[in-house]
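Undergrad: Chains as they are written, first to last, in my numbering: chain V, 86 to 422; chain H, 2 to 526.
My questions all concern the structure below.
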Amino acid sequence: MPRKAALLFVTALCSLGLASCGGSDDSSSGPLTVYSGRSEELIGPLVSRYEASSGNDVEVRYGDTSELASTILEEGDNSPADLFFSQDAGALGALEKEGLLTELPADLVDDVDRRYRSRAGRWVPTSARARVVAYNRDRVKRSELPRSILGFTDERWKGRIGWAPTNGSFQAFVTALRLLRGEGGARDWLEGIVANDPEVFDDNEPIRDALAKGELDVGFINHYYVAQARAEEGADYPVEVYFPPGGDPGSLVNVAGIGILESSDKQEEAERFTQFMHSREAQEHFARDVKEYPVAAGVAADRRLVPLERIQQPSLDLSNLDDLRGTLTLIRESGAL
Amino acid sequence: MTTAALRRPPRGLVVGAVAVAIPVALPLAYLAYVVAQDASLAWDTIWRDQTLRLLLRSSALAAAVTLGAVAVALPLSWLVTRTDLPGRRVWTVLVTLPLVIPSYIGAYLMVSALGPHGLVQDLLAEPFGVQRLPSIYGFFGAWLVLTLFTYPLVLLTVRATLARLDPQLEEAARGMGRSGWSTYRTVVLPQLMPAIGAGGLLVALYVLSDFGAVSILRFDSFTRAIYASYRASFDRIGAASLAALLVALMFVVLWLEGRTRRRFAYYRTAPGAARRPQPVRLGRWRWPALAFCATVTLLALVVPVSVLVYWSLQSVAGDPNWSEISSAAVDSVTAAGLAAVIGAVCAMPVAMLAARYPSRLAAVIERVTFTGYALPHIVVALTLVFFGTRVALPLYQTLAMLVFAFVVLLLPLAVGAMRASLLQVSPRLEEAARSVGRGPLAVLRTITAPLAAGGVAAGAALVFLTAVKELPATLVLAPIGFETLSTEIWTATSVGFYERGAIPSLVLLLISAPPLYLLTTRHQP
């Protein structure tokens with residue numbers, strides 16, 4: 086009897102499989118295909134609202150930003166994606182450099198502050214985030230913090246720092262450091278931090294949580310991780326953020342953004358989707374739900390955040406943050422990876 | 002006395018095995034192609050000090066986990082097959098169950114339970130004032146977690162062999178006055194070596210390819226360097242050259258395993274049916290034996306499942322999306338089920354050739370099928386992206402493609418199980434059938450297949466259990482909207498909602514129960 090049951094099971098599976106394999110395959114009239122490195126949690130509700138208001142279908146493949154960018158790089162001209170929604174400027178820069186992104190129309194580019202967009206006009210930001218020094222206020226006094234992120238190479242920070250050398254935002258920061266302080270300056274900083282025996286993490290969130298638990302004293306992360314936890318945990322939450330002043334590389338402002346693939350045959354549709362992400366509705370969503378800084382439609386940031394204008398960010402063209410290969414070499418050579 | 006004609010493999014078998022090996026070897030072709038794009042850059046990447054250091058670290062971890070897994074699995078398998086251990090059948094299932102816990106979930110749960118300020122420390126902090134547990138991060142934590150969740154691979158292969166060993170040999174040894182331990186060492190252990198080798202091989206290669214557990218436990222491994230190449234700089238050439246090095250290491254491990262395969266028969270030659278051996282009476286030793294089984298079960302099963310249940314209860318209060326979870330369960334079963342069936346079919350000619358007609362060609366084919374299993378899943382996924390968009394566009398990102406990816410990743414699991422069961426079927430039966438004029442395919446159908454059916458089922462079950470928890474290839478290659486339990490778990494945990502990932506994780510464990518049952522009840526003495 087079990088053999089008969091197994092046979093039945095196999096037959097059922099195979100027919101199920103065939104049914105799903107034989108799905109219709111229309112490319113030009115089908116739905117808009119988005120590869121999103123931003124989470125479903127964040128983008129899903131906006132996509133549904135866009136579908137309802139525009140009457141067009143959107144299909145989203147969610148994944149890790151850099152793995153999706155690597156996928157698009159392998160796919161080349163045959164990519165099923167029409168549009169890439171990236172978590173950071175670096176991945177967009179990599180696609181731009183390979184000539185995979187199309188030039189965007191002026192009205193789309195002009196929606197946003199010129200500081201935060203691609204110089205070649207091939208991708209636009211959708212929201213911004215700041216690098217911060219996060220610290221546990223029970224273990225570190227604000228007055229102890231150095232004026233610049235470069236000060237953390239001092240020996241008294243030994244064994245107290247958390248960082249994530251494989252994280253895209255961190256690497257964008259190192260690229261900025263190279264642009265602002267030269268290769269030598271960036272190398273000195275990396276080697277100085279490595280000498281201070283930092284705890285290595287894969288991502289920002291575990292750094293924040295380790296800070297909250299008092300396992301670490303300071304960590305280099307993005308502002309919204311702390312803002313989100315604070316909104317949930319209330320005023321008792323022991324992690325604070327610090328923006329090193331005076332255009333310090335430690336206060337870099339980076340963006341999430343969208344690029345449209347040159348190989349897409351739905352350019353107009355993709356532009357409409359991008360426009361929607363700049364609408365008041367979408368920008369308010371980013372500001373309220375993720376505590377990021379809005380970049381378009383005159384929407385204000387969460388009032389508990391340090392306003393974007395007050396952050397003394399370094400002056401930098403974000404398009405230049407795409408030289409990650411040099412950064413990675415430097416990070417590797419310094420022994421951080 | 003076999004004639005040359007009988008020793009030569011049927012042509013259909015060779016064609017079948019080659020037809021399986023070629024698509025499964027696609028990652029090799031991809032790596033060669035990418036590395037050739039800029040050979041000097043690839044060379045530079047390989048010759049960094051960093052590369053060698055990471056390779057040594059990962060090899061050390063793989064060796065330590067393999068030894069640990071054997072050290073846990075060997076006594077366990079003996080206890081549950083050959084002794085009067087109380088509750089033997091229940092223990093058999095309990096000690097195999099950790100196999101279904103994905104190592105990335107296991108690692109996360111271990112950190113939550115045993116990490117700094119984790120559940121265990123919180124429990125101990127009040128009454129005992131424990132401020133700090135020994136650190137779970139780094140080499141020790143990675144070793145512990147990977148050992149706990151991979152030892153069942155050794156247990157399964159060793160237990161199957163132990164259950165079928167002819168007791169006559171042991172009885173003869175005892176009869177000649179050898180002690181129990183001496184008999185075990187000189188008679189039983191040598192016969193178990195191929196099973197230990199086969200299970201250990203799967204463990205070692207799994208550890209080399211694992212990314213999830215080592216990254217959560219902050220152990221800087223070789224796979225982390227490969228992922229970092231993609232993540233940090235979209236450096237496919239660097240990543241591919243490191244992956245190629247991993248393939249080279251895989252061949253070294255395969256060579257080591259080959260040395261455990263002695264050339265002697267594993268099938269019975271004497272007339273009569275295999276008898277069940279008399280169970281060893283444990284006597285007073287049953288208490289330490291029970292304590293051992295209980296400790297392993299506690300660490301590898303009770304701790305992680307308790308955390309999952311605790312979080313699930315919290316998440317039930319938050320009104321989970323049951324329809325989403327159940328549709329994810331259907332998608333998981335569909336993809337993993339198809340992979341199990343197709344994987345078992347593909348494994349047949351390879352296992353048959355390796356077990357019955359050992360030759361250089363058979364060895365090459367069998368080893369090549371390990372490529373996908375030994376590589377980080379993202380490398381295999383990108384291989385299929387590369388070939389899929391260039392030569393099989395209509396199939397790209399369809400369910401067929403995903404199932405194919407699972408087969409490339411997991412084929413050795415099925416081949417190993419089948420090969421082991423084929424080795425226990427006497428070729429004399431097949432030879433007898435051929436000598437009365439049956440064709441090779443008829444013999445395969447009427448003699449070999451029915452006798453090796455257990456191995457086929459076991460191989461399919463192993464593929465199912467592993468495919469159902471696969472993540473990186475699923476994210477890239479599944480059809481859009483095809484959401485499995487593992488992608489559900491990823492969706493929840495990647496934005497920090499660990500509680501929300503708990504229910505899909507538990508459902509994943511439940512789905513794994515039937516194939517696991519199949520695996521553990523087979524060869525039950």
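Ideal Cβ placement from N, Cα and C applies to all residues, glycine included.
Is any beta-carbon of chain V found at less than 8 angstroms from that of H:I379?
TA: For H:I379, the answer is yes, since a Cβ of chain V falls inside 8 angstroms of its Cβ.
Undergrad: May I have a chain-ordered list of the alpha helix (DSSP H) segments no shorter than 4 residues that lie completely inside the stretch 148-219 of chain H?
TA: Within the stretch 148-219 of chain H, the complete alpha helix (DSSP H) runs of at least 4 residues are 168-176, 181-184, 190-210 and 213-217.
Undergrad: Helix, strand or coil for V:E284, going by three-state DSSP, please let me know.
TA: Correct three-state label for V:E284: strand.
Undergrad: Does DSSP put H:T84 in a helix, a strand or coil?
TA: It is a strand residue.
Undergrad: If you drop the 5 nearest sequence neighbours on each side, which residues of the same chain put their C-beta closer than 8 angstroms to that of H:R237?
TA: Cβ within range, chain order: V35, S230, Y231 and L383.
Undergrad: Please check the pair V:A174 and V:N289, which I expect to be a contact at CB under 8 angstroms, by giving their CB distance rounded to whole angstroms.
TA: No, V:A174 and V:N289 are not in contact; Cβ-Cβ is about 16 angstroms, not under 8 angstroms.
Undergrad: Step through the CB atoms of chain V and report whether any lies within less than 8 angstroms of the CB of H:A229.
TA: So yes, H:A229 belongs to the interface.
Undergrad: Going along the chain, which residues of its own chain have a beta-carbon closer than 7 angstroms to the beta-carbon of H:W144, five neighbours each way excluded?
TA: These residues qualify, in order along the chain: L62, A65, V66 and G69.
Undergrad: Which word fits H:W48, buried or exposed, when buried means at least 16 other C-beta atoms lie within 10 angstroms of its C-beta?
TA: With fewer than 16 Cβ atoms within 10 Å of its Cβ, H:W48 is classed as exposed.
Undergrad: Following the continuous beta strand (DSSP E) through V:W208, name the residue where it begins and the one where it ends.
TA: Here the beta strand (DSSP E) through V:W208 covers W208 to N221.
Undergrad: Contact criterion: CB-CB distance below 8 angstroms. Does H:Y397 meet it with respect to chain V?
TA: Cβ-Cβ to chain V under 8 angstroms: yes for H:Y397.
Undergrad: Span of the beta strand (DSSP E) holding V:N339?
TA: It spans V338 to I345 - the beta strand (DSSP E) in which V:N339 sits, taken as one unbroken run.
Undergrad: Do V:E268 and V:L131 have their C-beta atoms closer together than 8 angstroms?
TA: Against a cut-off of 8 angstroms, the Cβ pair of V:L131 and V:E268 comes out as no contact.
Undergrad: Confirm, please, whether the CB-CB distance from H:F465 to H:A341 is below 8 angstroms.
TA: A contact, by the Cβ cut-off of 8 angstroms.
Undergrad: Taking 8 angstroms as the cut-off, decide whether the C-beta atoms of V:R214 and V:Y378 are in contact.
TA: Yes.
Undergrad: Between which two residues does the alpha helix (DSSP H) harbouring H:S495 extend?
TA: Segment L486 to S495, the alpha helix (DSSP H) holding H:S495.
Undergrad: Under 8 angstroms between the Cβ atoms of H:A479 and H:L396?
TA: Cβ atoms of H:A479 and H:L396: not closer than 8 angstroms.
Undergrad: Between the alpha carbons of V:R134 and V:N141, how many angstroms are there, rounded?
TA: Looking at the two C-alpha atoms, the distance is approximately 11 angstroms.
Undergrad: Taking DSSP's pairing of strands, which residues face V:R146 in a bridge?
TA: Beta-bridge pairing links V:R146 to V:Y120.
Undergrad: Verify whether the separation of the beta carbon atoms of H:F150 and H:P99 is less than 8 angstroms.
TA: Yes.
Undergrad: Please compile the residues from chain H whose C-beta is within a distance smaller than 8 angstroms of the C-beta of V:V145.
TA: Those within 8 angstroms of V:V145 in chain H are I481.
Undergrad: Between which two residues does the beta strand (DSSP E) carrying V:V303 extend?
TA: Run containing V:V303: V303 to N307, per the beta strand (DSSP E) assignment.
Undergrad: Assign V:M362 to buried or exposed, taking buried as 16 or more other Cβ atoms, counted over all protein chains shown, within 10 Å of its Cβ.
TA: V:M362 is buried by the Cβ-count criterion.
Undergrad: In whole angstroms, what separates the C-alpha of V:T260 from that of V:V391?
TA: For V:T260 and V:V391, the distance between alpha carbons rounds to 24 angstroms.
Undergrad: Secondary structure at H:G69, three-state DSSP: helix, strand or coil?
TA: Reduced to three states, the DSSP call for H:G69 is helix.
Undergrad: Measure how close the beta-carbons of H:T97 and H:L517 come, nearest whole angstrom, since I'm counting them as under 8 angstroms.
TA: H:T97 to H:L517, Cβ: 6 angstroms. Contact.
Undergrad: Shortest alpha-carbon distance to V:R417 belongs to which of H:R160, H:G456 and H:R225?
TA: The shortest Cα separation from V:R417 among H:R160, H:G456 and H:R225 belongs to H:R225.
Undergrad: Closest to V:T150 by C-alpha separation, out of V:Y120, V:L127 and V:I128, would be which residue?
TA: The shortest Cα separation from V:T150 among V:Y120, V:L127 and V:I128 belongs to V:Y120.
Undergrad: So, using beta-carbon positions, are V:I234 and V:D333 closer together than 8 angstroms?
TA: In this structure, V:D333 lies closer than 8 angstroms to V:I234 by Cβ.
Undergrad: In whole angstroms, what separates the C-alpha of H:R9 from that of H:L257?
TA: The straight-line gap from Cα to Cα measures roughly 27 angstroms.
Undergrad: Just the C-alpha distance for H:G455 and H:S422, rounded to the nearest angstrom, thanks.
TA: Cα to Cα, H:G455 sits roughly 7 angstroms from H:S422.
Undergrad: Answer with buried or exposed for V:D192, where buried requires no fewer than 16 other C-beta atoms within 10 angstroms of its C-beta.
TA: With fewer than 16 Cβ atoms within 10 Å of its Cβ, V:D192 is classed as exposed.
Undergrad: Tell me which same chain residues have a C-beta within less than 6 angstroms of the C-beta of H:Q315, skipping the five on either side of it?
TA: Closer than 6 angstroms at Cβ, skipping near neighbours: E500.
Undergrad: Ends of the alpha helix (DSSP H) at H:G107?
TA: S104 to L115 is the span of the alpha helix (DSSP H), which, as asked, contains H:G107.
Undergrad: If you measure from the beta carbon of H:S527 to each beta carbon in chain V, is any gap under 8 angstroms?
TA: Only positions 2 to 526 of chain H appear in this structure, which leaves residue 527 of chain H out of reach.
Undergrad: Can you check which of these residues, V:V279, V:A280, V:P231 and V:A314, is closest to V:A295 by C-alpha distance?
TA: Nearest of V:V279, V:A280, V:P231 and V:A314 to V:A295, Cα basis: V:A314.
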